[in-house]
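Contents: one structure, followed by commentary.
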Amino acid sequence: MAGTVMTESGVRQVQRRTVALLSVAQVFAGIGTGATVSIGSILAVELSGSTAWAGSVATVMTLGAALAALPLASLADRRGRRIGQVTGLSAAMLGTVLIILSVVSGVFILLVLGAAGIGIGTAASLQARFAAVDLADADHRGRALSTVVWAVTVGAVAGPNLIQPGAVVGQALGLPPVAGPFVISAAGLLLATLLLFAGLRPDPLLLARELASRPGFGADGPLVPAAAPGSRPGGSLVRGMRAIRQSRAAWLALAAVVGAHAVMVGVMSMTPLHLQELVAGPGHAGHAATGDVLVIIGFTISLHIAGMFALSPLMGWLTDKAGRTETIMIGFTTLIAAVAVAGFGQSSTVAVAVGLVLLGVGWSASTISGSTLLAESVGQESRVVVQGVSDMLMGVAGAVGGATSGLVLSSAGYLGLNMVGAVVGAIVLAAASVTLVARRRRPAPRSVAG
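Residue numbers (my numbering): 5 to 454.
In structure tokens:
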């Protein structure tokens, strides 16, 4: 793109195409993750021969996504978004192939390695939301980011429902039925990879950098993150954290994204166990209780996922119209309300379901507004790496939240678990309030920064 003359209308056209391509790719990529989440625990027990390994697939996927976030961001920083996305999705495609091989051969370690590959793809999918704002105007960044996040909904819903059609595909190919969904996942990931490799031209990040020195593309235009000359991948974490420390808005954005994810994962991961105990309590017994549990848990988690993703465009609009910090406050107020409803209403399946829906909505508002604020609150030379640091810490927070929530549940009960979430939410809400008050006491800057 060097030397290319592009008008503002041309940049807007590239931006629209970029968001559309990323959104379609997210749909195909999400199918792979959804299938693995829905069948992974079953395969783990089947191949390992022990229920102790039931959570291994989900754990490896989470850790894989967290560990891959920074390297993928560093790669995008050096080579552009297209290469970063294609690399991550290619790893996920390889992961689905390894899972198919694990089913055919009965080798458990191949399943674990495959889950790690899909985790890398998850990290790439997360970073797609930042690629959507490289060329976006300040007034449309929240909506661009949320559109890509919303596209995850289709894959997240379709993935778990591939078991039956996947079994048909598997049998048609002479494979075990349980391998069939991963054949469909591999095909979806291949389509997503080819789509971005061929279509994400010009690269939004590289084009944004090209526009950096041009007049008319200032703070209200593309984010134009500059390249980091000679940066070492090993120094990316230090460079990213240094950039975050220098910006109060970036600190708030990071706290919002990480805090919301920790609360969401911690409460959500223990809710099925709580519902199982609740439904199997007095008045329920035997096979009827088992059926009730499956229906209620499935319905509750489906509503929770809908809350996380279905309203993403609305949260993006709210981020652009009300402001970044204001929407973070709305998100964490909703999170606190969610854990209050679920915790104090713990004896009612309806109250728990309502709480989980609000939990998803609060996560959506906090994550979209926090991600948008983060994308515009640090220097150009560190922006892409900071985004990688954010996703890495988000993954770590989810892993820690999921790992410790069981301990909290066993010692303090479901109400206690939700109250821990309320404390975390209150801390971030207080920080956002202080930031908002401080900002309103000084003259408003030209650019939207929260």
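Glycine is no exception: its CB is placed at the ideal position from the N, C-alpha and C atoms.
Remember, it's a predicted structure, so these values are computed and weren't measured experimentally.
Whole angstroms is fine: what's the gap from residue i's alpha carbon to residue j's?
{"i": "V358", "j": "A401", "result": "24 Å"}
{"i": "S27", "j": "A284", "result": "41 Å"}
{"i": "M268", "j": "G429", "result": "10 Å"}
{"i": "L277", "j": "S52", "result": "23 Å"}
{"i": "H308", "j": "T275", "result": "11 Å"}
{"i": "A144", "j": "G99", "result": "The sequence given here places His at residue 144; Ala does not occur at that position. Answer to the nearest angstrom: the Cα atoms are 35 Å apart."}
{"i": "W57", "j": "L210", "result": "43 Å"}
{"i": "V427", "j": "A434", "result": "11 Å"}
{"i": "S45", "j": "V31", "result": "23 Å"}
{"i": "L130", "j": "A136", "result": "11 Å"}
{"i": "Y418", "j": "V343", "result": "10 Å"}
{"i": "G159", "j": "A33", "result": "7 Å"}
{"i": "G118", "j": "R83", "result": "26 Å"}
{"i": "R236", "j": "S78", "result": "For R236, the predicted structure reports a pLDDT of 48, less than 50, and the residue's modelled location is therefore unreliable. A value from the coordinates is still provided. If you take the alpha carbons of R236 and S78, they lie about 9 Å apart."}
{"i": "A148", "j": "I332", "result": "17 Å"}
{"i": "L315", "j": "G88", "result": "27 Å"}
{"i": "V389", "j": "R246", "result": "11 Å"}
{"i": "P233", "j": "E385", "result": "Unreliable positioning characterises P233 in this predicted model, as indicated by a pLDDT of 46, which lies under 50. The coordinate reading is nonetheless provided below. Rounded to the nearest angstrom, the two C-alpha atoms are 9 Å apart."}
{"i": "D324", "j": "L76", "result": "28 Å"}
{"i": "G146", "j": "R387", "result": "17 Å"}
{"i": "L421", "j": "A260", "result": "19 Å"}
{"i": "L378", "j": "T126", "result": "20 Å"}
{"i": "V15", "j": "A216", "result": "13 Å"}
{"i": "I301", "j": "W321", "result": "31 Å"}
{"i": "I35", "j": "S189", "result": "6 Å"}
{"i": "P206", "j": "A162", "result": "30 Å"}
{"i": "F201", "j": "G92", "result": "12 Å"}
{"i": "G178", "j": "R213", "result": "50 Å"}
{"i": "M97", "j": "I334", "result": "37 Å"}
{"i": "L102", "j": "M272", "result": "29 Å"}
{"i": "G383", "j": "V393", "result": "14 Å"}
{"i": "A70", "j": "V64", "result": "10 Å"}
{"i": "R444", "j": "A253", "result": "14 Å"}
{"i": "R249", "j": "A442", "result": "18 Å"}
{"i": "V356", "j": "G425", "result": "15 Å"}
{"i": "E50", "j": "L195", "result": "30 Å"}
{"i": "A326", "j": "R446", "result": "18 Å"}
{"i": "A24", "j": "T37", "result": "20 Å"}
Assuming residue i and residue j make a contact with CB atoms under 8 Å, what is their CB distance in whole Å?
{"i": "V61", "j": "L105", "result": "In fact, because the Cβ distance is near 15 Å, the residues do not count as touching under 8 Å."}
{"i": "T197", "j": "V107", "result": "Contact flag wrong, Cβ pair sits at about 22 Å."}
{"i": "A341", "j": "L318", "result": "Incorrect: roughly 17 Å between the Cβ atoms, too far for contact."}
{"i": "T11", "j": "L139", "result": "Between L139 and T11 the Cβ distance is about 13 Å, and since that is not below 8 Å, they are no contact."}
{"i": "T304", "j": "L339", "result": "At roughly 17 Å, the Cβ-Cβ gap does not stay under 8 Å, so T304 and L339 are not in contact."}
{"i": "R86", "j": "L204", "result": "4 Å"}
{"i": "A128", "j": "V152", "result": "At roughly 12 Å, the Cβ-Cβ gap does not stay under 8 Å, so A128 and V152 are not in contact."}
{"i": "S123", "j": "L193", "result": "Residue identity check: residue 123 is Gly in the sequence provided, not Ser. Incorrect: roughly 13 Å between the Cβ atoms, too far for contact."}
{"i": "G121", "j": "A95", "result": "5 Å"}
{"i": "T353", "j": "L282", "result": "6 Å"}
{"i": "T516", "j": "L256", "result": "Look at the range of the chain in this structure, 5 to 454, and you will see that residue 516 is not part of it."}
{"i": "S381", "j": "S251", "result": "5 Å"}
{"i": "S150", "j": "I372", "result": "5 Å"}
{"i": "V187", "j": "G170", "result": "7 Å"}
{"i": "M455", "j": "G364", "result": "Because the chain in this structure spans residues 5 to 454, residue 455 falls outside the shown range and cannot be described."}
{"i": "L199", "j": "A29", "result": "5 Å"}
{"i": "S240", "j": "L74", "result": "5 Å"}
{"i": "I134", "j": "Q391", "result": "The residue you asked about is not Ile; residue 134 is Phe in the sequence shown. About 5 Å; that satisfies the 8 Å criterion."}
Shorter than 9 Å from the beta carbon of residue i to some beta carbon of chain C?
{"i": "G146", "result": "Judged by its chain identifiers, the structure shown contains no chain C, having just a single protein chain."}
The region 340-350 contacting the region 368-381, beta-carbon criterion three pairs below 8 Å: no
Any alpha helix (DSSP H) of 4 or more consecutive residues that is wholly inside the region 77-127: 85-109
Start-end ranges of the alpha helix (DSSP H) lying completely within the region 127-189, minimum 4 residues: 145-162, 167-176
Three CB pairs or more closer than 8 Å across the region 385-405 and the region 254-267: yes
The region 179-194 / the region 406-418 touching (three or more Cβ pairs under 8 Å): no
Secondary structure, alpha helix (DSSP H): runs of 4+ residues fully inside the region 306-365: 316-326, 328-348
Every unbroken alpha helix (DSSP H) inside the region 20-73 [4 residues or more]: none
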